[in-house]
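Here the structure comes first, spelled out in structure tokens, and everything after it is commentary.
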Amino acid sequence: QGQKNGKWVMVVDGEAGPAFERFTRLTFSPDCKRVAYVGEDNWRADSGIPMTSVPVLDGIPGPVYKFVWDIKFSPNGKRFAYHGEKNEKDIVVCDGRAGPEFDGIKELMFSPDSAHILYKSQNKGQANDVMVINDKPGQQVLSYSEIVFSPDGKRLAYQAARGDKEQF
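Residues in the sequence shown are numbered consecutively from 748, following our numbering.
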């Protein structure tokens with residue numbers, strides 16, 4: 748990192764990126780060809796929380812969010828996704844395209860073959876989780892756990908609980 752006009756810049760392979768007050772979540776793609784991070788600005792002095800977060804992919808800043816929680820490359824390094832919060836709603840953006848809005852998102856992951864993106868979502872007033880695969884919400888269950896793709900990415904297994912009974 749270096750400084751520019753009182754802000755910091757991320758320097759990757761000698762090239763300076765956009766300036767921000769702080770950076771988090773620096774990561775390289777599995778094939779080492781791409782780099783991503785989150786730039787943060789407008790920190791609140793009373794809480795130490797940023798007011799704006801921007802995903803940066805290969806030195807190019809994306810849209811401004813209140814928070815950017817996760818940034819992920821697919822296993823082959825060709826796809827990129829992140830979880831952002833804006834206007835009190837959470838979304839997953841994959842390959843530059845925003846998915847449906849939810850009140851909460853967790854456990855963002857790609858399949859081993861990089862073909863599928865999966866995450867758990869929840870909306871206020873709903874006690875249940877909804878698994879979202881490739882932007883398509885599935886059925887509501889009390890909770891999902893032990894989510895595992897087969898090594899070739901063609902199959903998915905998970906444990907789901909409905910009420911007091913566990914379903915597989």
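Cβ atoms here follow ideal geometry from the backbone N, Cα and C, with glycine treated the same way.
Using alpha carbons as the reference points, say which of the options lies closest to residue i.
| i | options | result |
| --- | --- | --- |
| G764 | S892, V803, D842, S868 | V803 |
| R791 | E768, D778, A783, P808 | E768 |
| V888 | N881, K901, S868, I818 | S868 |
| C841 | D793, P810, K871 | P810 |
| P777 | D760, P822, I818, V756 | P822 |
| S861 | V877, Q906, N881, K871 | N881 |
Let me know if residue i comes out buried or exposed under the rule of 16 or more other beta-carbons within 10 Å of its beta-carbon.
| i | result |
| --- | --- |
| E835 | exposed |
| E787 | buried |
| I796 | exposed |
Leaving out the 5 sequence neighbours to the left and right, which residues in its chain are closer than 8 Å to residue i when beta-carbon positions are compared?
| i | result |
| --- | --- |
| R781 | F775, L804, D805, F820, G824, F827 |
| D876 | K867, S868, Q869, Q887, V888, L889, S890, Y891 |
Rounded to whole angstroms, what is the Cα-Cα separation between residue i and residue j?
| i | j | result |
| --- | --- | --- |
| Y891 | S858 | 17 Å |
| G885 | V879 | 6 Å |
| D850 | T771 | 23 Å |
| C779 | L903 | 27 Å |
| D899 | D837 | 29 Å |
| G753 | Y784 | 19 Å |
Quick check on DSSP: helix, strand or coil for residue i?
| i | result |
| --- | --- |
| P847 | coil |
| L889 | coil |
| I796 | coil |
| C841 | strand |
| R902 | coil |
| A766 | strand |
| V815 | strand |
For residue i, I'd like the list of residues in its chain whose CB is within less than 6 Å of its CB, leaving aside the five on either flank, ordered along the chain.
| i | result |
| --- | --- |
| P808 | P765, V801 |
Using a Cβ-Cβ cutoff of less than 7 Å, which residues in the same chain neighbour residue i once the five nearest sequence positions on both sides are dropped?
| i | result |
| --- | --- |
| K833 | Y812, K813 |
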